[in-house]
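Participant: Provided herewith is a single structure, encoded as structure tokens, for subsequent inquiry.
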Amino acid sequence: MGKKTKAAITPTRSEDYTEWYQQVVKASVLAERSAVRGCMVILPWGYALWENIMQNLDKLFKMTGVKNAYFPLFIPLHFLEKEAEHVEGFAKECAVVTHHRLEQGPSGGLVPAGELTEPLIVRPTSETIIGDSFSRWVSSYRDLPLLINQWANVVRWEMRTRIFLRTSEFLWQEGHTVHATQSEAEERTLMMLDLYASVAEEYLAMPVIKGAKSASERFPGAVETYCIEAMMQDRKALQAGTSHFLGQNFAKASGIKFQSASGSEEFGWTTSWGVSTRLVGGLIMTHGDDDGIILPPRVASAHIVLMPIIRKETDREPVMTYIENLAAELRDVAYHEAPIRVEIDDRDIGGAKGWEWIKKGIPIRVEVGPRDMAENAVFMGRRDKSHREKTAVKRDVFLNTITSILDDIQDNLFQRAKAYLEAYTHDLDSRSEFYSFFTPQNPEKPEIHGGFAKSHWCGSPECEATIKEDLSVTIRCIPFEHVDDTGQCICCNASSRQRVIFAKAY
RNA sequence: CGGGGCGUAGCGCAGUCUGGUAGCGCACUUGAAUGGGGUUCAAGGGGUCGGAGGUUCAAAUCCUCUCGCCCCGACCA
Numbered sequence: 017m018g019k020k021t022k023a024a025i026t027p028t029r030s031e032d033y034t035e036w037y038q039q040v041v042k043a044s045v046l047a048e049r050s051a052v053r054g055c056m057v058i059l060p061w062g063y064a065l066w067e068n069i070m071q072n073l074d075k076l077f078k079m080t081g082v083k084n085a086y087f088p089l090f091i092p093l094h095f096l097e098k099e100a101e102h103v104e105g106f107a108k109e110c111a112v113v114t115h116h117r118l119e120q121g122p123s124g125g126l127v128p129a130g131e132l133t134e135p136l137i138v139r140p141t142s143e144t145i146i147g148d149s150f151s152r153w154v155s156s157y158r159d160l161p162l163l164i165n166q167w168a169n170v171v172r173w174e175m176r177t178r179i180f181l182r183t184s185e186f187l188w189q190e191g192h193t194v195h196a197t198q199s200e201a202e203e204r205t206l207m208m209l210d211l212y213a214s215v216a217e218e219y220l221a222m223p224v225i226k227g228a229k230s231a232s233e234r235f236p237g238a239v240e241t242y243c244i245e246a247m248m249q250d251r252k253a254l255q256a257g258t259s260h261f262l263g264q265n266f267a268k269a270s271g272i273k274f275q276s277a278s279g280s281e282e283f284g285w286t287t288s289w290g291v292s293t294r295l296v297g298g299l300i301m302t303h304g305d306d307d308g309i310i311l312p313p314r315v316a317s318a319h320i321v322l323m324p325i326i327r328k329e330t331d332r333e334p335v336m337t338y339i340e341n342l343a344a345e346l347r348d349v350a351y352h353e354a355p356i357r358v359e360i361d362d363r364d365i366g367g368a369k370g371w372e373w374i375k376k377g378i379p380i381r382v383e384v385g386p387r388d389m390a391e392n393a394v395f396m397g398r399r400d401k402s403h404r405e406k407t408a409v410k411r412d413v414f415l416n417t418i419t420s421i422l423d424d425i426q427d428n429l430f431q432r433a434k435a436y437l438e439a440y441t442h443d444l445d446s447r448s449e450f451y452s453f454f455t456p457q458n459p460e461k462p463e464i465h466g467g468f469a470k471s472h473w474c475g476s477p478e479c480e481a482t483i484k485e486d487l488s489v490t491i492r493c494i495p496f497e498h499v500d501d502t503g504q505c506i507c508c509n510a511s512s513r514q515r516v517i518f519a520k521a522y
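Numbering (our numbering), first residue to last: 17 to 522.
In structure tokens form, the structure reads like this:
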């Protein structure tokens, strides 16, 4: 009882949000920094979470007819040069392989040797290398639509990295499709956006706003970029997923052509769409509290931890037997078509154990000691409630209600996050109101402020740039709602046909 | 690439100004006590003080150069 720390994480969110995030990641054992600049090691607890996200997405992709494939890590330099905007967009952040051998240097160390005739780029995204394959796979309208996804790692040499949110290397999926018509491709782009939104909301319990990017925020080479934007607890926006309608730009660059039913030669219409390990960062900042992360049950690395309370050595065997039987029965319960994931923690380390699991964000902690056994009960704590709020539940009741308890936690997390998003999203119509909304009281050490401003925008890149320059606020998306609303641009007062979402962003 | 901070045990830090050859807390190991909760006591293991060079009888400490990390900008999923 030495320490009187009120929260498990120091500092708290309100004290220092950025530092809180880093401490939460550390305490959660989801990931850690690696020896390589800007790259992270994903630990088992974090990888299990990512696997659950992956499996759910993968299943949903396949239900829409998408098939998985795999393409090379390396892209020949000249491939990237094929689409002008695309080159410009990614050129600044590419890792380049120039040699294929190491030799003993004069001072003893290894030095690169065997220079390549053409450098290879470590993929920052795979439109061009996949386009090359697609150009050979597609020759007739009968080959379309072509619906491919790959699970891969990509590298973007960012100047500033942040664990899970922006690492030099990250894991993601990238879907790439080719269609015979523009409308079919557009339909697919929006279909995948909807799929992402429902995964974010139903699995990650993360409410999102769907919309289109402004021209300046578009994917390099895309005709249209759609996105889902979530609000973190420091009220900044996080782009949680994107779906791009690429028109015929990449088809022309890669030579993806097909012969139509009428015999004419036409370029395909392509799309690409992706979500990444960034989602994990979003999850942390959406649900975490001052005791650490809170994992939504639908994707949690594990659902329940069973912790024996052993008072006397003679209690150990009966308590462990009780726990192992309980675990076996729990694992036989299906939660959304998959077995409940149960951990048993019998380490004899006292109360620190419970706190470890709190910081790891497991949805349900269960303690079982002789007293519970005598009453045929378990002692349960929920991660979405205070750590002090624990209740005795009869064993059979616990087994019969466990899936609804998990669903209740899932729903509770979503409702909380949705209330937060709504509480800090405002229609703002005056320029002064808008500027004060995004200006902290204390510029030295900015407090959590702002949120999402739904404000009118005339559509000019100049107004967008002015606001970005003045406030570091950008247009996160042009939402699909509110399209018929008319008003005046927040920046220049010109007439505007709709509101857009302005926010500071990650 | 600019501005600020920092590299000393696995983690968090003190010691640096005023050179004398390394310490604290947590974690770890062992033993004991405790037992519905980040418990207590005792004993113990672990460090080329980020790296290189220099000054000095002597450098974690002073000087020069480097490398890396964190925060704030610019760039971005």
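Even glycine gets a Cβ: it sits at the ideal position worked out from N, Cα and C.
Considering only residues of the same chain and omitting the five flanking positions on each side of S50, which have a CB-CB separation below 7 angstroms?
Facilitator: Within the first sequence, the letter at position 34 stands for residue 50. The residues are M56, V57.
Participant: If I measure Cβ to Cβ from A519 and keep anything under 8 angstroms in the same chain, skipping five residues before and after, which residues do I get?
Facilitator: Stepping through the first sequence from its first residue, residue 519 is reached at position 503. Excluding residues within five positions, the ones whose Cβ falls inside 8 angstroms are E245, M247, R251, K252, A253, G466, G467, F468, A469, V489, T490, R492.
Participant: Can you list, in chain order, the residues of its chain with a C-beta nearer than 7 angstroms to that of S288? Leave out the 5 residues immediately preceding and following it.
Facilitator: Here residue 288 corresponds to residue number 272 of the first sequence, with the count starting at 1. For S288, where only same-chain residues beyond five positions count, the Cβ hits under 7 angstroms are E143, E190, G191, H192, H260, L262.
Participant: Check for me: the alpha helix (DSSP H) holding W373 runs from which residue to which?
Facilitator: As a first step, residue 373 is located in the first sequence; it is residue number 357 there, counting from the start. From DSSP, the alpha helix (DSSP H) with W373 extends over 368-376.
Participant: Is I494 closer than 9 angstroms to D400 when the C-beta atoms are compared?
Facilitator: Start at 1 with the first residue of the first sequence, and residue 400 comes out as number 384. Start at 1 with the first residue of the first sequence, and residue 494 comes out as number 478. No, these two residues do not count as a Cβ contact at 9 angstroms.
Participant: Is it right to say V154 is buried, meaning 16 or more other beta carbons lie within 10 angstroms of its own, or is it exposed?
Facilitator: One-based indexing of the first sequence puts residue 154 at position 138. The residue in question, V154, is buried, as its Cβ has 16 or more Cβ neighbours within 10 Å.
Participant: Report buried or exposed for S317, applying the criterion of at least 16 other Cβ atoms within 10 angstroms of its Cβ.
Facilitator: The residue you call residue 317 lines up with position 301 of the first sequence. Buried, since its Cβ has 16 or more Cβ neighbours within 10 Å.
Participant: Would you decide whether G18 is buried or exposed? Buried here means 16 or more other CB atoms lie within 10 Å of its CB.
Facilitator: What you label residue 18 is simply residue 2 of the first sequence in a count that begins at 1. Low confidence applies here, because G18 scores a pLDDT of 30, under 50, leaving its location unreliable; read the following figure in that light. Exposed.
Participant: Look at the alpha carbon of L96 and the alpha carbon of V384, and state the distance between them as a whole number of angstroms.
Facilitator: The residue you call residue 96 lines up with position 80 of the first sequence. The residue you call residue 384 lines up with position 368 of the first sequence. Each residue's alpha carbon lies about 59 angstroms from the other.
Participant: Would the stretch 369-385 and the stretch 322-335 be scored as touching if the rule is three or more Cβ pairs under 8 angstroms?
Facilitator: yes
Participant: So, under 8 angstroms CB-CB, E134 and P161 are touching, yes? Tell me the CB distance rounded to an integer number of Å.
Facilitator: For the purposes of this step, residue 134 is taken as residue 118 along the first sequence, with counting starting at 1. For the purposes of this step, residue 161 is taken as residue 145 along the first sequence, with counting starting at 1. The Cβ separation is near 33 angstroms, so there is no contact.
Participant: Does H115 pass the burial test, meaning 16 or more other C-beta atoms within 10 Å, or should it be called exposed?
Facilitator: In the first sequence, counting from the first residue as 1, residue 115 sits at position 99. Answer is exposed; the Cβ neighbour count stays below 16.
Participant: Between which two residues does the alpha helix (DSSP H) containing V40 stretch?
Facilitator: In the first sequence, the residue the question calls residue 40 occupies position 24. 33-44 is the span of the alpha helix (DSSP H), which, as asked, contains V40.
Participant: Report yes or no: do the stretch 396-413 and the stretch 422-439 share at least 3 C-beta pairs separated by less than 8 angstroms?
Facilitator: yes
Participant: With 16 as the cutoff for other CB atoms within 10 Å, does F496 come out buried or exposed?
Facilitator: In the first sequence, residue 496 corresponds to position 480, counting from 1. Burial call: exposed.
Participant: On the DSSP letters alone, give me the boundaries of the beta strand (DSSP E) that L220 sits inside.
Facilitator: Position 204 of the first sequence, counted from the start, is the residue given in the question as residue 220. Premise fails: L220 is in no beta strand (DSSP E) and is neither H nor E.
Participant: Take the Cβ of G598 as the centre, count every other Cβ of all protein chains shown within 10 Å, and call the residue buried at 16 or more, exposed below.
Facilitator: Given a span of 17 to 522 for the chain in the structure shown, any question on residue 598 remains unanswerable.
Participant: Take the Cβ of P223 as the centre, count every other Cβ of all protein chains shown within 10 Å, and call the residue buried at 16 or more, exposed below.
Facilitator: In the first sequence, residue 223 corresponds to position 207, counting from 1. Looking at its Cβ environment, which holds 16 or more other Cβ atoms inside 10 Å, P223 is buried.
Participant: Can you tell which of G257, G503, Y451 has its C-alpha closest to the C-alpha of D486?
Facilitator: The count along the first sequence starts at 1 and reaches residue 486 at position 470. That would be Y451, whose Cα lies nearest to the Cα of D486.
Participant: In this structure, how does DSSP classify M396 when only helix, strand and coil are distinguished?
Facilitator: Indexing the first sequence from 1 puts residue 396 at position 380. Three-state DSSP puts M396 in a strand.
Participant: Applying the criterion that 16 or more other CB atoms from any shown protein chain within 10 Å of the CB defines a buried residue, is V53 buried or exposed?
Facilitator: One-based indexing of the first sequence puts residue 53 at position 37. Strictly speaking, residue 53 in this sequence is Arg, with Val absent from that position. Residue environment: R53 is assigned as exposed (fewer than 16 neighbouring CB atoms within 10 Å of its CB, all protein chains considered).
Participant: Give me, in chain order, the residues of the same chain whose beta-carbon lies closer than 6 angstroms to that of R234; leave out the 5 immediate sequence neighbours on both sides.
Facilitator: Translated into the one-based positions of the first sequence, residue 234 becomes position 218. Cβ neighbours of R234 beyond the five flanking positions: T241.
Participant: By Cβ distance, which residues of its chain are closer than 8 angstroms to T21, with the 5 residues on each side in sequence left out?
Facilitator: Translated into the one-based positions of the first sequence, residue 21 becomes position 5. Reliability of the predicted coordinates at T21 is poor, the pLDDT of 49 falling under 50, and no value is obtained from them.
Participant: At 4 residues or longer, and completely inside the stretch 120-155: list those alpha helix (DSSP H) runs for me, N to C.
Facilitator: 143-153
Participant: If you follow the beta strand (DSSP E) that S259 is in, where does it begin and where does it stop?
Facilitator: Here residue 259 corresponds to residue number 243 of the first sequence, with the count starting at 1. Segment 253-261, the beta strand (DSSP E) holding S259.
Participant: Looking only at its own chain, which residues have a Cβ that is under 7 angstroms from the Cβ of T482, when we skip the five neighbours before and after it?
Facilitator: If you number the first sequence from 1, residue 482 lands on position 466. Same-chain partners within the cutoff: C507.
Participant: Where A43 and L295 are concerned, what is the direct C-alpha to C-alpha distance, given to the nearest angstrom?
Facilitator: Counting from one through the first sequence, the residue named residue 43 turns up at place 27. Counting from one through the first sequence, the residue named residue 295 turns up at place 279. The alpha-carbon atoms of A43 and L295 are separated by roughly 18 angstroms.
Participant: Which of the three DSSP states is assigned to G18 in this structure?
Facilitator: In the first sequence, counting from the first residue as 1, residue 18 sits at position 2. A caution first: G18 carries a pLDDT of 30, below 50, which makes its placement in the model unreliable, though a value can still be read off. Correct three-state label for G18: coil.
Participant: In its own chain, which residues sit with a C-beta less than 7 angstroms from the C-beta of R347, not counting the 5 before and 5 after it?
Facilitator: The sequence position of residue 347 within the first sequence is 331, counting from 1. Around R347: P355, I356, V358.
Participant: Would you kindly report the start and end of the unbroken beta strand (DSSP E) that includes K470?
Facilitator: One-based indexing of the first sequence puts residue 470 at position 454. Here the beta strand (DSSP E) through K470 covers 468-472.
Participant: Would M175 be called buried (16 or more neighbouring beta carbons within 10 Å of its own) or exposed?
Facilitator: Position 159 of the first sequence holds residue 175. Label assigned to M175: exposed.
Participant: Mind reading off the beta-carbon distance from G236 to E101? Whole number of angstroms is fine, and I expect it under 8 angstroms.
Facilitator: Position 220 of the first sequence, counted from the start, is the residue given in the question as residue 236. Position 85 of the first sequence, counted from the start, is the residue given in the question as residue 101. A small fix is needed here, since residue 236 is Pro in this sequence, not Gly. With 8 angstroms as the limit, P236 and E101 qualify as a contact, their Cβ atoms being about 5 angstroms apart.
Participant: For L211 versus F430, is the C-beta spacing smaller than 9 angstroms?
Facilitator: Here the question's residue 211 lines up with position 195 in the first sequence. Here the question's residue 430 lines up with position 414 in the first sequence. Not closer than 9 angstroms, so no.
Participant: Of the residues G503, A201, R513, I464, which one's Cα is nearest the Cα of Y33?
Facilitator: As a position in the first sequence, residue 33 is number 17, starting the count at 1. Ranking G503, A201, R513, I464 by Cα distance to Y33 puts I464 first.
Participant: Taking 8 angstroms as the limit between beta carbons, can you name the residues of its chain near S448, skipping five residues before and five after?
Facilitator: Stepping through the first sequence from its first residue, residue 448 is reached at position 432. Hits under 8 angstroms: none found.
Participant: Using C-beta distances below 6 angstroms, list every residue in its chain close to N84, excluding the 5 sequence neighbours before and after it, in chain order.
Facilitator: The residue given as residue 84 occupies position 68 in the first sequence. N165, listed in sequence order.
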